[in-house]
Amino acid sequence: MASSYAVIENLQEQSQSTTQGVQKVSSSSPRWSIYKVHEDIRNFNKDAYSPLTISIGPFHSSNQEPKTMEADKRQYMNSFLKRIDVKQEEMRVCPEAYDYYRGSSYDEKSLSERLLLDSCFIVELFLRQQGWVHPTEEDKIIKNPSKILLVQRDLLLLENQIPFCVLKQLYSQYRDKEYHIERDSLFSLTQLALKFFQSILPGVNPQALKRNNNADIVHLLDLVHKCYEASMQKPRNLIALEQCCSERRQLMSSYALLMDRLINTSEDVELLEDNLIIRNNLGCNQDVANLFNNLCKGVNVNPTDYIFAGLSAKVNRYCSQLWSKMRANFKRKYYSNPVNFAAFALAIVALLFTILQTVYTIATYYYTL
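Numbering-wise (our numbering), the sequence shown opens with residue 3 and increments by one.
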């Protein structure tokens, strides 16, 4: 544990030289902040924003975390510190870490210890999951798939984040002495993190990986927000992230708002499924309707930030046309009900026969003159 104290000491020295305490948090650069979820958003689904298994960072550190998980984190930290070079000058690369937690009032020592413990745990977890480090006999996370799913879920909560610069700082010190893997041949921390979440977020965009290097990432949820497309696995926390930072493009918020406007009932879901617009993995169409109808409660999107504004305007213009309304009413009335459609078809056939009979009668009359 001597190494761990050295790391804590270096972090504390850096905090004293760059800030006068975590209580004086800078608010000039919101993109460097880890936020708490707005109450008007949290109230609609409080469980969606609170960790179930493990707390990361200071926001939920006061909660009664299971003692077994606290012990697991310390075991992971001790294991990781045996594989890194702890040098004072290398531990001074992330002075902005103390400014990430907007509105917090945590003392430097406790926050330093929390940053060390949680960052070591996360990096060690990534390494073990990738197979670069063998789990110990006491490891109750990697060997338990259900526990991994819960940890993955908790690591993507908005209030359960740690500055990416701290993770990058520790990962840069990593050397795997057992397998003799050179640093240059290792994945970047971004790639390692994405591989960890790939089982629950399969829609990774490789081009986004090239655009977003480690320096661009604020925290793990920010990484997911930038690199994953069309993923609804963690929509609430992604929306909360966009709502907290006005500088971000309102991608998930706009998508959720569009779907909320399109879907009101289970029949709407069925229509979108039939046309291969969405795929329902929830089983019940009503559950999908409820998901989208509740997703935007408490969420505000500025009209200028709504990325589907042009599409919505075109749809509204199309729906307001008389011919479009008549065709939609016709399809709704006759195509959705086989009995109505059969009656309509018989009426058309009868009308055709009537027309033919009339034409035949008129033709016969003129022919006999």
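All C-beta atoms in this analysis are idealised placements derived from N, C-alpha and C, irrespective of residue type, glycine included.
Exposure label - His227; buried when at least 16 CB within 10 Å: buried
Of the residues Leu160, Ser81 and Lys170, the one placed nearest His136, counting alpha carbons only: Ser81
Collapsed DSSP secondary structure at Tyr257 in the structure displayed: helix
Sequence-distant residues of its chain with Cβ nearer than 6 Å to Leu353 (five each side left out): Leaving aside the five residues that flank Leu353 on each side, none in its chain has a CB nearer than 6 Å to its CB.
Environment of Met328 [buried if 16+ CB atoms lie within 10 Å]: exposed
Stretch-stretch touch, CB-based, cutoff 8 Å, three pairs: the segment 33-50 with the segment 138-150: In the pairwise beta carbon analysis, the segment 33-50 is classified as not touching the segment 138-150: fewer than three pairs are separated by under 8 Å.
Ala315, enclosing alpha helix (DSSP H) - first and last residue: Start and end: Ala311 to Ser322.
Nearest to Arg251 (by Cα), restricted to the options Cys229, Arg281, Tyr308 and Asn277: Tyr308
Lys197, enclosing alpha helix (DSSP H) - first and last residue: Leu191 to Phe199
Distance between Ala258 and Tyr78 (C-alpha atoms, nearest Å): 38 Å
Straight-line gap, Cys229 to Asp109 (C-alpha atoms, nearest Å): 34 Å
Residue range of the unbroken alpha helix (DSSP H) whose run includes Asn292: Asn287 to Leu297
Inter-residue spacing [alpha-carbon to alpha-carbon] between Val341 and Ala330: 18 Å
Proximity winner among Cys167, Arg85 and Leu157, relative to Leu372 (alpha-carbon distances): Since the first residue of the chain shown is 3 and the last is 371, residue 372 is not available in this structure.
One or two residues paired with Ile36 in a DSSP bridge: Tyr103
Rounded separation between Asn120 and Gly59 - CA only: The question names Asn, yet the displayed sequence has Asp at residue 120. Looking at the two C-alpha atoms, the distance is approximately 7 Å.
Integer-rounded CB distance, given that Gln163 should sit under 8 Å from Leu222: Going by Cβ atoms, the distance from Leu222 to Gln163 rounds to 6 Å, so yes, they are a contact pair.
Beta bridge counterpart(s) of Ile86 as assigned by DSSP: Tyr176
Neighbour flag for Lys145 against chain D, beta carbons, 9 Å: Although the question refers to chain D, the structure presented lacks it and comprises just one protein chain.
Reference Lys299; option with closest CA among Met261, Cys321, Gln323 and Leu313: Nearest of Met261, Cys321, Gln323 and Leu313 to Lys299, Cα basis: Met261.
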